[in-house]
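Participant: Heads up: the protein sequence lines correspond to chains A and B, in order.
Heads up, the first sequence is in my numbering, so the first residue is 42 and it goes up one at a time.
Heads up, the second sequence is in my numbering, so the first residue is 42 and it goes up one at a time.
Protein chains: 2
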Amino acid sequence: MSPVTYADIEAASQRLAGVANRTPVITSRTVNELTKAQVFFKCENFQRTGSFKFRGAYNALAQLSDRQKQQGVLTYSSGNHAQAIALSGKLLGIATTIVMPQDAPAVKLAATRGYGAQVILYDRATTTREKLAQQLASDRQLTIIPPYDHPQIIAGQGTAAKELLEEVPQLDLLLVCCGGGGLLSGCAIATKSQPNQTNSPSHHPRVIGVEPEQADDAKRSFYTKKLQTIHNPDTIADGARTPSLGKYTFPLVLHYVDDMLTVSEAAILRTMFFLWERLKIVVEPTGALAASALLEGLITIPDTKIGIIISGGNVDLQQISQLLK
Amino acid sequence: MSPVTYADIEAASQRLAGVANRTPVITSRTVNELTKAQVFFKCENFQRTGSFKFRGAYNALAQLSDRQKQQGVLTYSSGNHAQAIALSGKLLGIATTIVMPQDAPAVKLAATRGYGAQVILYDRATTTREKLAQQLASDRQLTIIPPYDHPQIIAGQGTAAKELLEEVPQLDLLLVCCGGGGLLSGCAIATKSQPNQTNSPSHHPRVIGVEPEQADDAKRSFYTKKLQTIHNPDTIADGARTPSLGKYTFPLVLHYVDDMLTVSEAAILRTMFFLWERLKIVVEPTGALAASALLEGLITIPDTKIGIIISGGNVDLQQISQLLK
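#1: DSSP on B/Gln159, reduced to helix/strand/coil?
#2: What's the C-alpha gap between A/Ile186 and A/Asp258?
#3: Since B/Lys110 is in the alpha helix (DSSP H), which residue starts that stretch and which ends it?
#4: Could you round the C-beta distance between B/Ser352 and B/Thr327 to whole angstroms and report it? I think they count as a contact, below 8 Å.
#5: Give the interface partners of B/Ile65 over in chain A, defined as CB-CB distance under 8 Å, in chain order.
#6: Interface residues of chain B around A/Ile322 at Cβ under 8 Å?
#7: Helix or strand or just coil, what does DSSP make of B/Leu364?
#8: With A/Met141 as the anchor, note down where its alpha helix (DSSP H) starts and where it stops.
#9: Within 8 Å, do at least three Cβ pairs link the segment 197 to 217 of chain A to the segment 228 to 236 of chain A?
#10: If we count Cβ pairs, one from each stretch, closer than 8 Å, do we get three or more for the segment 302 to 318 of chain A versus the segment 44 to 52 of chain A?
#11: Of all the options B/Ser129, B/Arg165, B/Lys94 and B/Gln159, which has the alpha carbon lying nearest to the alpha carbon of B/Gln143?
#12: Residue range of the alpha helix (DSSP H) that A/Val251 falls in?
#13: Hey, quick one: how far does the alpha helix (DSSP H) through A/Gly197 stretch, first residue to last?
#14: Could you confirm whether any beta carbon from chain A is found closer than 8 Å to the beta carbon of B/Gln79?
#15: Among A/Leu206, A/Ala125 and A/Ser234, which one has its Cα closest to the Cα of A/Val298?
#16: So what does A/Met301 bridge to, in DSSP terms?
#17: I think A/Leu102 touches A/Val140, with their Cβ atoms under 8 Å apart; what is that distance to the nearest whole Å?
#18: For a contact meaning CB atoms closer than 9 Å, what does A/Ser352 contact in chain B?
#19: Identify, in the order they occur along the chain, each residue of the same chain with its Cβ nearer than 7 Å to the Cβ of A/Ala308, setting aside the five sequence neighbours on each side.
#20: For B/Ser69, count the other beta carbons within 10 Å of its own beta carbon; 16 or more makes it buried, fewer makes it exposed. Which is it?
#21: So is B/Phe95 in contact with chain A if we call contact Cβ pairs under 8 Å?
#22: Just to make sure I have the definition right: I need the residues of chain B whose C-beta is within less than 7 Å of the C-beta of A/Asn86. Which are they?
#23: For B/Glu85, does the count of other Cβ atoms within 10 angstroms reach 16, so buried, or fall short, so exposed?
#24: Residues of chain A with CB under 7 Å from B/Gln359, in chain order?
#25: What did DSSP end up calling A/Lys20 once you bin it into helix, strand or coil?
#26: Which chain A residues sit within Cβ distance under 9 Å of B/Gly400?
#27: Smallest Cα separation from A/Thr283: which of A/Ala152, A/Leu216, A/Ser119 and A/Asn73?
#28: Chain A partners of B/Ser362, CB-CB under 7 Å?
#29: Under 7 Å Cβ to Cβ from A/Val323, same chain only, skipping five residues before and after it: list those, please.
#30: If we cut at 8 Å on Cβ distances, does B/Gly280 have a partner in chain D?
#31: On a Cα-Cα basis, can you pick out the residue from B/Leu365, B/Leu302, B/Leu206 and B/Pro253 that is closest to B/Phe81?
#32: Is the Cβ-Cβ distance between A/Phe276 and A/Glu325 less than 8 Å?
#33: Under the three-state reduction of DSSP, which class applies to A/Cys219: helix, strand or coil?
#34: Can you check which of these residues, B/Gln255, B/Thr232 and B/Gly250, is closest to B/His244 by C-alpha distance?
#35: Taking CB distances under 8 Å as the criterion, tell me whether B/Gly91 reaches chain A.
#36: Please list the residues of the segment 200 to 227 of chain B that have a C-beta atom closer than 8 Å to any C-beta atom in chain A, keeping them in chain order.
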């Protein structure tokens with residue numbers, strides 16, 4: 042029995058209704074002409090806190106027991122999950138503690154604190170964040186909400202694909218970026234289980250995960266069927282710097298995902314700035330991964346309908362503008 | 042009798058239906074909290090060719106006689122109007138000739154030619170573009186479609202406000218950027234004439250135009266009631282570098298617009314990058330003018346509904362990223 046079912050994703054949708062944004066699906070004549078396909082971008086950069094992470098975080102926090110809610114939650118993240126937990130806690134009246142590295146960007150620290158979270162800084166050189174988090178959670182009786190390897194997180198992220206499929210029912214292919222695999226596995230479950238299609242799996246859209254070449258652990262795990270790990274991969278796509286898939290996400294990716302692709306750092310940047318200039322949307326590097334596989338020609342399937350999840354749009358403009366060649 | 046009526050704007054809407062994008066109206070919790078108002082952004086950066094200019098250009102070209110259509114049209118512009126005319130011509134099967142300066146950005150030349158327009162380059166130092174355009178139009182029997190001072194252009198631009206008011210019927214205030222006044226006067230006519238309100242003008246939303254401080258000719262014209270001119274104003278908002286309002290737009294602005302404001306260059310840039318970072322939309326400097334008046338605190342009217350036209354999103358990322366301090 043799968044730890045995450047379509048019913049879990051439907052229940053997550055109910056919890057998120059009126060709280061999360063039902064993000065827009067946008068199309069581009071330019072992209073359709075370039076790819077000779079019909080392409081639908083599900084824009085999670087317009088989600089609250091600027092990424093899909095809010096879906097999973099809120100879904101998980103909403104299901105805590107009253108006692109857990111009173112005691113509060115803890116997570117470790119320097120990125121989008123931190124802000125998602127902080128805002129979800131604020132909305133649900135749950136105290137949140139976030140363990141972040143001392144050298145996290147000031148703008149992310151400020152955003153996380155702005156939602157009312159207590160931020161605990163640590164020194165990367167001397168401290169392991171998981172260990173510190175465990176210690177703090179145990180001392181303070183906080184519930185740890187990990188960034189991706191958690192059934193309720195996965196179910197929450199799956200609502201992004203569920204919404205896209207409701208809006209565009211006849212997709213042939215869905216492309217999703219992959220870091221720890223929470224978004225990818227959730228979206229794959231939603232896609233392969235959607236009830237408005239026949240029950241034959243061949244009638245469901247194909248689902249392909251996309252990673253940076255420099256952080257191809259999930260692709261190698263997928264092909265070898267053994268969990269592969271990369272520590273501190275050197276990629277601009279910070280959401281894909283996770284060391285490996287998780288104990289929940291790895292089997293789900295193996296079961297529900299059809300293939301994995303990788304794209305180069307240059308391809309990620311070209312795609313990201315293309316989306317800025319031509320679609321007029323601000324997308325972060327990780328958010329451009331799935332689009333990159335299509336726009337860089339790794340996949341060419343004319344006359345089809347292709348869905349792409351744009352996972353987020355949180356960038357430091359000062360920093361990112363350095364990357365314009 | 043006004044040279045542009047609400048009926049003209051309605052007719053333009055009919056012509057544009059299914060051709061122009063009905064652009065999204067977006068909201069932001071952050072902006073609402075900052076301004077203590079409900080703010081609605083009409084996003085013409087998502088319009089075809091990346092700006093509102095397509096509305097007016099297509100509306101004008103669609104109304105040419107068969108003979109004029111066969112002979113073709115000409116315009117002079119190095120900016121968004123050029124691309125709008127080029128695409129409109131392509132869609133309607135009308136040959137287009139665009140007079141552009143030799144030193145126009147390569148990306149704009151390429152985009153304009155990409156739509157099939159014939160581009161004629163001139164040397165700014167030795168040639169006046171209006172004179173060259175007149176000569177060419179006369180020699181080749183082309184119809185000149187000016188960038189703003191033309192009733193059909195004005196009516197087309199007014200459809201942007203018409204759509205916004207249909208979506209958000211109870212606006213208290215509409216903010217619109219002002220260059221030559223085509224968008225501002227068209228939107229003001231639409232706002233002050235909308236039939237779903239009472240006939241009393243006091244029940245219509247206020248309309249305020251926003252210009253760069255460095256290019257405040259329209260504000261000075263508005264207050265002095267005499268047409269003021271500024272040649273080559275030094276502003277980053279290239280859509281507002283027009284020397285003055287026109288013979289149609291000046292009286293319309295005087296009649297339909299309630300007030301004019303100006304914003305500094307620094308305010309324009311801060312607002313533009315705020316919209317990129319927080320709303321995740323790419324907006325050009327001119328496109329940030331109207332929002333700037335609100336976000337920089339020139340207007341504070343809590344508990345109201347405020348509409349803002351984001352006029353366009355065409356930027357050269359290389360160039361604009363130099364402006365990040």
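Cβ atoms here follow ideal geometry from the backbone N, Cα and C, with glycine treated the same way.
Facilitator: Taking the coordinates as given:
#1: strand
#2: 23 Å
#3: Asp107 to Gln112
#4: 6 Å
#5: Note on residue identity: the sequence assigns Pro, not Ile, to residue 65 of chain B. Within 8 Å Cβ-Cβ: Pro65.
#6: Lys321, Ile322 and Val323
#7: coil
#8: No alpha helix (DSSP H) contains A/Met141, which is instead part of the beta strand (DSSP E) from Thr137 to Pro142.
#9: yes
#10: no
#11: B/Arg165
#12: Element bounds for A/Val251: not the alpha helix (DSSP H) but the beta strand (DSSP E), Arg247 to Pro253.
#13: Pro192 to Glu208
#14: no
#15: A/Ser234
#16: A/Gly250
#17: Incorrect: roughly 17 Å between the Cβ atoms, too far for contact.
#18: What A/Ser352 touches in chain B: nothing, since even the nearest Cβ is about 12 Å away.
#19: Ser333 and Glu337
#20: buried
#21: no
#22: Lys321
#23: buried
#24: Leu365
#25: Since the first residue shown for chain A is 42 and the last is 366, residue 20 of chain A is missing from the structure and cannot be characterised.
#26: Because chain B here runs from 42 to 366, residue 400 of chain B falls outside it and cannot be looked at.
#27: A/Ser119
#28: Ser362 and Leu365
#29: Asn86, Trp317, Gly354 and Val356
#30: Structure shown: chain D not included; protein chains present are A and B.
#31: B/Leu206
#32: Checking the sequence shown, residue 276 of chain A turns out to be Thr, not Phe. No, they are not a contact pair.
#33: coil
#34: B/Thr232
#35: yes
#36: none
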